[in-house]
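So the sequence lines, in the order shown, correspond to chains A and B.
Mapping the first sequence onto the numbering used here, position 74 (from 1) lands on 74, and the numbers just tick up by one.
Mapping the second sequence onto the numbering used here, position 151 (from 1) lands on 400, and the numbers just tick up by one.
Okay, so here's the structure we're looking at.
Protein chains: 2
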Amino acid sequence: MSAQAPVIILAEPQLGENIGSAARAMLNFGLTELRIAAPRDGWPNPAAEPLAAGAFDEGVEVTAFESVEAACADIGYLVAATARPRGMEKPVTNASGAVEWLQGQARKTAVMFGNEAQGLSNNHVALCDAIMTYPVNKDFASLNLAQAVIVFAHAWGEMQGQAGRFEGANAGVGEPASREDLIGMFEHFEYELDRAGYFYPPDKTPLMSRNLRNAFVRGQWTTQEVRTFRGAIKALALGRGKARITRED
Amino acid sequence: MSAQAPVIILAEPQLGENIGSAARAMLNFGLTELRIAAPRDGWPNPAAEPLAAGAFDEGVEVTAFESVEAACADIGYLVAATARPRGMEKPVTNASGAVEWLQGQARKTAVMFGNEAQGLSNNHVALCDAIMTYPVNKDFASLNLAQAVIVFAHAWGEMQGQAGRFEGANAGVGEPASREDLIGMFEHFEYELDRAGYFYPPDKTPLMSRNLRNAFVRGQWTTQEVRTFRGAIKALALGRGKARITRED
Numbered sequence: 001m002s003a004q005a006p007v008i009i010l011a012e013p014q015l016g017e018n019i020g021s022a023a024r025a026m027l028n029f030g031l032t033e034l035r036i037a038a039p040r041d042g043w044p045n046p047a048a049e050p051l052a053a054g055a056f057d058e059g060v061e062v063t064a065f066e067s068v069e070a071a072c073a074d075i076g077y078l079v080a081a082t083a084r085p086r087g088m089e090k091p092v093t094n095a096s097g098a099v100e101w102l103q104g105q106a107r108k109t110a111v112m113f114g115n116e117a118q119g120l121s122n123n124h125v126a127l128c129d130a131i132m133t134y135p136v137n138k139d140f141a142s143l144n145l146a147q148a149v150i151v152f153a154h155a156w157g158e159m160q161g162q163a164g165r166f167e168g169a170n171a172g173v174g175e176p177a178s179r180e181d182l183i184g185m186f187e188h189f190e191y192e193l194d195r196a197g198y199f200y201p202p203d204k205t206p207l208m209s210r211n212l213r214n215a216f217v218r219g220q221w222t223t224q225e226v227r228t229f230r231g232a233i234k235a236l237a238l239g240r241g242k243a244r245i246t247r248e249d
Numbered sequence: 250m251s252a253q254a255p256v257i258i259l260a261e262p263q264l265g266e267n268i269g270s271a272a273r274a275m276l277n278f279g280l281t282e283l284r285i286a287a288p289r290d291g292w293p294n295p296a297a298e299p300l301a302a303g304a305f306d307e308g309v310e311v312t313a314f315e316s317v318e319a320a321c322a323d324i325g326y327l328v329a330a331t332a333r334p335r336g337m338e339k340p341v342t343n344a345s346g347a348v349e350w351l352q353g354q355a356r357k358t359a360v361m362f363g364n365e366a367q368g369l370s371n372n373h374v375a376l377c378d379a380i381m382t383y384p385v386n387k388d389f390a391s392l393n394l395a396q397a398v399i400v401f402a403h404a405w406g407e408m409q410g411q412a413g414r415f416e417g418a419n420a421g422v423g424e425p426a427s428r429e430d431l432i433g434m435f436e437h438f439e440y441e442l443d444r445a446g447y448f449y450p451p452d453k454t455p456l457m458s459r460n461l462r463n464a465f466v467r468g469q470w471t472t473q474e475v476r477t478f479r480g481a482i483k484a485l486a487l488g489r490g491k492a493r494i495t496r497e498d
């Protein structure tokens, strides 16, 4: 997906610190357009700088507006972030659902967050096309403003990443050992254990050996790890203090 | 969903404010067990209170530990939150993938976050079963600590809303080893390897040790497997032909 990234609108935010934190959260996931509508303490606000951790210099552009209406005037598709569905006749979704709906738009889009004290007013929600709500703990439902922003920003980043940028499990960290490598390692280990008298009583040998093999197979080792472990077996088997010499050969 | 909620571990956190914010973020999505390992400014820390917004009184229980190792001693399945996959041999996933993996465990689980300055050290990541990483902006990758926590907490809350009960991965293979068992096994193994002159040159010791630990952690061993392997180490270390005698003791 290469949908245009949504604007983040903070409606009547109170604390500069939260504006700074929200900007940092946005840039963490590649969102760069921040609008602040009727900020209580004006704009610019020096309290925002430390919490932004450089976000204003490194990509987030902030524009202040006199009102929420002005801040969303040119927005084609607008999502309201609220703690509860509100019982309004609007489609309601979660964070990843909102990202899907936003990505489906050819128009300019935005997500609007309410202020620290009251969240979005019903009048502001009424301006929006859809409601995004998070599955919060009903008994402790109030998120910090910047926390609410990063949950959405992460969902946005997550969806962008699925185009193939994300690497799979164990990605790029080494060539997996072949079954042959593993068997060679087991035989080496068991040979030395046998010489050390480990397999006792003898009739338990097959079971003990199988248990060890099972444990090792489960780790899905790489060829390098097999080599490392064989080096360790060799060192132990040669006895204390002797390994350094023989590592030369 | 009725999987046991994961513990959140903060490894060597610096600012009380972030501990408070993290607690609020946790409780927003129903997570209640917070552990802080070796907090720089001690614990309790009055700076945490205002940012917690009541979370400590309304459900989040905090326990402080002297070290990261102690904080994760009883954890069966441990996920490291890091900004990058690290090139270690561990499964890597995103937030929702981590939630799935955590829900699949019958054991006690945790997600560990590093501190504000450096994130998790490689040594701490080596103790973990898996890595969780977010699709961050490569040019602005550093999340605030509590922001990192809420992204995971939200993913957890999101998944609780969905139906279906996971059966535990590795179900029925025996009691999983605790982190304490594993650490004890590593220390035993490394002690004997060191006596055998395996760690050479000496400045490579931390790396060699970490590579071995990573390989073993990946197997998610049981307590029985840990005991078996410790028996094997002991046998090899005692030298050829001597193990049978000392197994009597």
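All C-beta atoms in this analysis are idealised placements derived from N, C-alpha and C, irrespective of residue type, glycine included.
All figures in this text were calculated on a predicted structure; none of them were measured in a lab.
Shortest alpha-carbon distance to residue i belongs to which of the options?
i: residue 254 (chain B); options: B:271, B:276 and B:280; result: B:280
i: residue 182 (chain A); options: A:62, A:203 and A:229; result: A:229
i: residue 13 (chain A); options: A:94, A:56, A:102 and A:121; result: A:121
i: residue 285 (chain B); options: B:325, B:352, B:361 and B:339; result: B:361
i: residue 38 (chain A); options: A:80, A:148, A:199 and A:9; result: A:9
i: residue 188 (chain A); options: A:101, A:156, A:40 and A:227; result: A:227
i: residue 97 (chain A); options: A:134, A:114 and A:56; result: A:134
i: residue 441 (chain B); options: B:485, B:269, B:392 and B:450; result: B:485
i: residue 461 (chain B); options: B:320, B:359, B:471 and B:447; result: B:447
i: residue 115 (chain A); options: A:231, A:148, A:184 and A:201; result: A:148
i: residue 274 (chain B); options: B:301, B:256 and B:290; result: B:301
i: residue 50 (chain A); options: A:72, A:137, A:21 and A:155; result: A:21
i: residue 82 (chain A); options: A:118, A:54 and A:62; result: A:118
i: residue 180 (chain A); options: A:190, A:223, A:144 and A:200; result: A:223
i: residue 289 (chain B); options: B:296, B:276, B:452 and B:264; result: B:264
i: residue 142 (chain A); options: B:451, B:303, B:315 and B:373; result: B:303
i: residue 443 (chain B); options: A:64, A:71, A:238 and A:69; result: A:238
i: residue 319 (chain B); options: B:373, B:296, B:297 and B:276; result: B:373
i: residue 336 (chain B); options: B:483, B:482, B:480 and B:456; result: B:456
i: residue 107 (chain A); options: A:201, A:234, A:202 and A:7; result: A:7
i: residue 66 (chain A); options: A:84, A:204, A:157 and A:42; result: A:42
i: residue 196 (chain A); options: B:450, B:453 and B:480; result: B:480
For residue i, is the beta carbon positioned less than 8 Å from some heavy atom of the ligand FMN?
i: residue 35 (chain A); result: Ligands displayed in this structure: none; no statement on the ligand FMN is therefore possible.
Can you look up residue i in the DSSP assignment and give me helix, strand or coil?
i: residue 342 (chain B); result: strand
i: residue 282 (chain B); result: strand
i: residue 1 (chain A); result: Residue placement at residue 1 (chain A) cannot be trusted, given a pLDDT of 39 that sits under 50; what the coordinates show is reported in the next sentence. Reduced to three states, the DSSP call for residue 1 (chain A) is coil.
i: residue 385 (chain B); result: coil
i: residue 176 (chain A); result: strand
i: residue 307 (chain B); result: coil
i: residue 75 (chain A); result: coil
i: residue 145 (chain A); result: helix
i: residue 411 (chain B); result: Unreliable placement is indicated for residue 411 (chain B), whose pLDDT of 47 sits below 50; no coordinate value is reported for it.
i: residue 264 (chain B); result: coil
i: residue 168 (chain A); result: Because residue 168 (chain A) sits at a pLDDT of 39, beneath the cut-off of 50, its placement in the model cannot be relied upon, and the point is left open.
i: residue 70 (chain A); result: helix
i: residue 438 (chain B); result: helix
i: residue 38 (chain A); result: coil
i: residue 314 (chain B); result: strand
i: residue 53 (chain A); result: coil
i: residue 379 (chain B); result: strand
i: residue 249 (chain A); result: Here the model assigns residue 249 (chain A) a pLDDT of 35, short of 50, so the residue's position is not dependable, and the following value carries that caveat. Residue state, collapsed to three classes: coil.
Are the CB atoms of residue j and residue i within a distance shorter than 9 Å?
i: residue 186 (chain A); j: residue 95 (chain A); result: no
i: residue 328 (chain B); j: residue 380 (chain B); result: yes
i: residue 59 (chain A); j: residue 105 (chain A); result: no
i: residue 466 (chain B); j: residue 378 (chain B); result: yes
i: residue 45 (chain A); j: residue 146 (chain A); result: no
i: residue 93 (chain A); j: residue 100 (chain A); result: yes
i: residue 225 (chain A); j: residue 424 (chain B); result: no
i: residue 272 (chain B); j: residue 305 (chain B); result: yes
i: residue 221 (chain A); j: residue 177 (chain A); result: yes
i: residue 459 (chain B); j: residue 322 (chain B); result: no
i: residue 283 (chain B); j: residue 310 (chain B); result: yes
i: residue 219 (chain A); j: residue 433 (chain B); result: no
i: residue 393 (chain B); j: residue 27 (chain A); result: no
Name the two residues that bound the continuous beta strand (DSSP E) containing residue i.
i: residue 461 (chain B); result: That residue, residue 461 (chain B), is in no beta strand (DSSP E); its alpha helix (DSSP H) goes 454-466.
i: residue 83 (chain A); result: Element bounds for residue 83 (chain A): n/a, residue is neither H nor E.
Would you kindly report the start and end of the unbroken alpha helix (DSSP H) that includes residue i?
i: residue 228 (chain A); result: 223-238
Which residue spans inside the region 96-126 of chain A form an unbroken beta strand (DSSP E) run of at least 3? 109-113
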